[in-house]
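Okay, so here's the structure we're looking at.
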Amino acid sequence: MQMHTRKVIVVITEALLEKPLTEDIKKLGVRGYTVTSARGEGSRGKRSADLDGAQNIRLEIICDEPLADKITAHLADRYMPNYAMVLYTLDAQVLRPQKF
Amino acid sequence: MQMHTRKVIVVITEALLEKPLTEDIKKLGVRGYTVTSARGEGSRGKRSADLDGAQNIRLEIICDEPLADKITAHLADRYMPNYAMVLYTLDAQVLRPQKF
Amino acid sequence: MQMHTRKVIVVITEALLEKPLTEDIKKLGVRGYTVTSARGEGSRGKRSADLDGAQNIRLEIICDEPLADKITAHLADRYMPNYAMVLYTLDAQVLRPQKF
Numbered sequence: 017m018q019m020h021t022r023k024v025i026v027v028i029t030e031a032l033l034e035k036p037l038t039e040d041i042k043k044l045g046v047r048g049y050t051v052t053s054a055r056g057e058g059s060r061g062k063r064s065a066d067l068d069g070a071q072n073i074r075l076e077i078i079c080d081e082p083l084a085d086k087i088t089a090h091l092a093d094r095y096m097p098n099y100a101m102v103l104y105t106l107d108a109q110v111l112r113p114q115k116f
Numbered sequence: 017m018q019m020h021t022r023k024v025i026v027v028i029t030e031a032l033l034e035k036p037l038t039e040d041i042k043k044l045g046v047r048g049y050t051v052t053s054a055r056g057e058g059s060r061g062k063r064s065a066d067l068d069g070a071q072n073i074r075l076e077i078i079c080d081e082p083l084a085d086k087i088t089a090h091l092a093d094r095y096m097p098n099y100a101m102v103l104y105t106l107d108a109q110v111l112r113p114q115k116f
Numbered sequence: 017m018q019m020h021t022r023k024v025i026v027v028i029t030e031a032l033l034e035k036p037l038t039e040d041i042k043k044l045g046v047r048g049y050t051v052t053s054a055r056g057e058g059s060r061g062k063r064s065a066d067l068d069g070a071q072n073i074r075l076e077i078i079c080d081e082p083l084a085d086k087i088t089a090h091l092a093d094r095y096m097p098n099y100a101m102v103l104y105t106l107d108a109q110v111l112r113p114q115k116f
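Protein chains in written order, with the numbering used here: chain A, 17 to 116; chain B, 17 to 116; chain C, 17 to 116.
What follows is the structure, encoded as structure tokens:
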């Protein structure tokens with residue numbers, strides 16, 4: 017199969033940010049994203065799971081590199097100073113590049 | 017530790033495909049897979065979470081490159097025309113290559 | 017944005033290991049980790065989901081390469097002989113390297 021390089025951005029943060037974050041990334045041009053409920057610890061302390069294990073979220077976005085840069089810059093500026101947030105990017109191969 | 021290169025295939029799709037998809041990949045030779053419940057939006061619209069957050073699934077498979085190609089081709093042919101499905105692959109390092 | 021290379025370690029294993037594993041990695045120097053509930057099959061057989069889909073866990077750690085090697089060696093020695101466990105590492109880019 018002909019595969020194409022894209023970025024996967026993974027953001028792990030507080031569950032209360034799910035709505036504002038997903039609205040922000042759509043305004044920046046993201047067409048799809050995936051959220052899973054998560055729990056964990058970080059430099060701002062432990063966030064235990066509630067009944068749904070949903071105190072944290074893990075947000076995953078596939079996009080091209082320029083959009084990944086815009087999203088990263090926006091989150092670093094808007095959220096990282098005030099919220100527990102971890103962000104990393106991976107190099108991924110996708111099938112249908114026009115989707116991302 | 018001596019690590020070995022394998023592919024990780026990540027498939028994000030509709031929860032109703034969990035059973036047929038996992039049966040298909042086992043027939044293709046996959047020996048292990050991991051599923052997490054997820055929610056999100058894509059080009060086919062928003063899929064809100066039900067009580068379990070389980071309208072979407074995120075399926076993860078580790079395998080060698082030839083098997084990754086077979087799985088990708090099969091899913092592209094069998095599911096992508098008719099279902100909301102995102103697929104990407106990553107290069108990963110594993111410890112015990114004979115397992116994958 | 018200036019990004020820095022780090023390792024992401026992904027461990028998929030039995031849910032009962034969540035507490036000992038996270039205690040072990042903190043002793044080894046890990047400052048943050050993320051856990052999601054998962055289900056799946058592997059070479060030790062199928063582990064169906066309970067009500068929370070929580071028979072397995074997917075543990076994700078971001079760290080530098082020397083710590084990734086220490087964690088991998090510890091898990092291979094302490095858990096892999098006796099528990100169902102899959103481990104792989106990815107190369108990731110992070111924003112704030114001092115956090116990991």
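Don't be surprised by glycine CBs; every beta carbon is placed ideally from N, CA and C.
Assuming residue i contacts residue j under a Cβ cut-off of 8 Å, what Cβ separation, rounded to an integer in Å, is found between them?
i, j, result
"A:Ala54", "A:Ile73", "6 Å"
"C:Gly48", "A:Glu57", "6 Å"
"C:Val27", "C:Leu103", "5 Å"
"B:Leu32", "B:Val51", "At roughly 13 Å, the Cβ-Cβ gap does not stay under 8 Å, so B:Leu32 and B:Val51 are not in contact."
"C:Gly85", "B:Met17", "Note that residue 85 of chain C is Asp in the sequence shown here, rather than Gly. Indeed, because the Cβ distance is near 6 Å, the residues count as touching under 8 Å."
Where residue i and residue j are concerned, what is the direct C-alpha to C-alpha distance, given to the nearest angstrom?
i, j, result
"A:Ser59", "C:Pro36", "20 Å"
"C:Met19", "B:Pro97", "37 Å"
"A:Ala16", "C:Asp93", "The first residue shown for chain A is 17 and the last is 116, placing residue 16 of chain A beyond what the model contains."
"B:Arg5", "B:Ile87", "The requested residue 5 of chain B is not part of the displayed model; chain B covers only 17 to 116."
"B:Thr21", "B:Phe116", "10 Å"
"B:Leu91", "C:His90", "37 Å"
"A:Tyr95", "B:Lys43", "45 Å"
"B:Gln114", "C:Ile25", "19 Å"
In terms of alpha-carbon separation, which member of the options lies closest to residue i?
i, options, result
"C:Ile23", "C:Asn98, C:Met101, C:Ile77 and C:Ala89", "Note that residue 23 of chain C corresponds to Lys in the displayed sequence, not to Ile. The candidate whose alpha carbon is nearest that of C:Lys23 is C:Ile77."
"C:Leu106", "B:Leu103, B:Val110 and B:Tyr104", "B:Val110"
Just to confirm, does residue i get its C-beta within under 8 Å of one of the non-hydrogen atoms of the ligand PLP?
i, result
"C:Gln109", "Although the ligand PLP was asked about, the structure shown includes no ligands whatsoever."
Quick one: what's got a C-beta closer than 7 Å to residue i's C-beta in the same chain, skipping five residues either side?
i, result
"B:Thr38", "Tyr49"
"C:Tyr99", "Thr29, Glu30 and Leu33"
Who are the Cβ neighbours of residue i in its own chain at under 8 Å, not counting the five residues just before and after it?
i, result
"B:Glu34", "Val51, Ile73 and Leu75"
"B:Gly69", "Residue confidence is low: B:Gly69 scores 45 on pLDDT, short of 50, so the model does not pin down where it sits. No coordinate-derived value is stated."
Once you ignore the five residues that flank residue i on each side, which residues in its own chain have a CB closer than 6 Å to its CB?
i, result
"A:Asp66", "Unreliable placement is indicated for A:Asp66, whose pLDDT of 46 sits below 50; no coordinate value is reported for it."
"C:Met101", "Thr29 and Tyr95"
Inset, instruction - Below 9 Å between beta carbons is the criterion; list the residues of the region 72-87 of chain C that meet it against any residue of chain F, in chain order. - result: Reference to chain F is not applicable here, since the protein chains of this structure are A, B and C.
Legend entry - Secondary structure, alpha helix (DSSP H): runs of 4+ residues fully inside the region 80-111 of chain C: 81-94
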